[in-house]
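Residue numbers (the UniProt record's numbering): 1 to 189.
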């Protein structure tokens with residue numbers, strides 16, 4: 001019997017989720033730095049090449065980038081006549097508001113891991129710059145012209161502020177609402 005594309009997609013998604021869930025359990029039990037890709041693959045019952053077919057690195061299990069399509073949809077959902085600072089602020093809050101309770105909890109777990117590992121905290125800045133680039137690209141595509149350098153700086157500063165708020169949320173074990181921390185951080189700007 002030939003596999004249908006839908007079946008393959010479901011199998012791929014199930015394997016992807018199994019690897020992710022297994023890795024998070026191992027990180028929580030043993031610590032992020034004590035777990036290697038081989039251990040994750042073994043525990044998830046996949047080969048190391050299969051792990052890398054799903055995740056480019058161990059870091060990508062906890063630091064998940066949005067897609068260009070997600071950033072484009074986010075920008076499209078915002079009023080285009082708002083000042084850039086308000087658009088970026090609203091984009092961050094809208095992004096968080098789309099999370100289900102399960103997404104919220106999974107995000108807190110991931111960011112608690114990130115917050116507890118100095119190398120991941122540093123790496124989070126690289127992921128934030130990539131996210132700022134995706135958001136800048138979406139804003140430029142919407143306007144039909146390149147984002148002016150000053151606007152690109154604003155987007156990068158706001159994304160750094162967003163990351164700082166998320167780290168504060170994780171450091172506080174989610175005791176405060178993430179949206180409140182984001183608002184407070186953006187108010188400083």
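For each residue, glycine too, the CB sits at the ideal point set by N, CA and C.
Endpoints, the alpha helix (DSSP H) within which residue i is located
i: residue 158; result: 149 to 171
i: residue 13; result: 5 to 30
i: residue 65; result: Careful: residue 65 lies outside any alpha helix (DSSP H) and carries neither H nor E.
i: residue 107; result: 101 to 115
i: residue 174; result: No alpha helix (DSSP H) contains residue 174, which DSSP labels as neither H nor E.
i: residue 37; result: 37 to 44
i: residue 125; result: 118 to 143
i: residue 91; result: 84 to 97
i: residue 53; result: 48 to 54
Contact set for residue i: own chain, Cβ-Cβ below 7 Å, skip 5 residues either direction
i: residue 131; result: 65, 66 and 159
i: residue 37; result: 48, 51 and 58
Minimum C-alpha distance to residue i - residue among the options
i: residue 173; options: 142, 109 and 146; result: 109
i: residue 45; options: 154, 16 and 180; result: 16
i: residue 79; options: 143, 9 and 12; result: 143
i: residue 91; options: 112, 138 and 102; result: 138
i: residue 83; options: 93, 184, 123 and 154; result: 154
i: residue 179; options: 75, 126, 98 and 157; result: 98
Assumed close pair residue i, residue j - CB separation to whole angstroms, cut-off 8 Å
i: residue 43; j: residue 26; result: 6 Å
i: residue 125; j: residue 161; result: Actually they are not in contact, since the Cβ atoms of residue 125 and residue 161 sit about 12 Å apart, beyond 8 Å.
i: residue 165; j: residue 181; result: 4 Å
Cut-off 6 Å between Cβ atoms - residues of its own chain near residue i, not counting five sequence neighbours on either side
i: residue 68; result: 134
Cβ-based neighbour list, residue i, same chain, cut-off 8 Å, excluding 5 preceding and 5 following
i: residue 191; result: Nothing about residue 191 can be read from this structure; the chain reaches only from 1 to 189.
i: residue 151; result: 84, 136 and 139
i: residue 185; result: 161, 162, 164, 165 and 168
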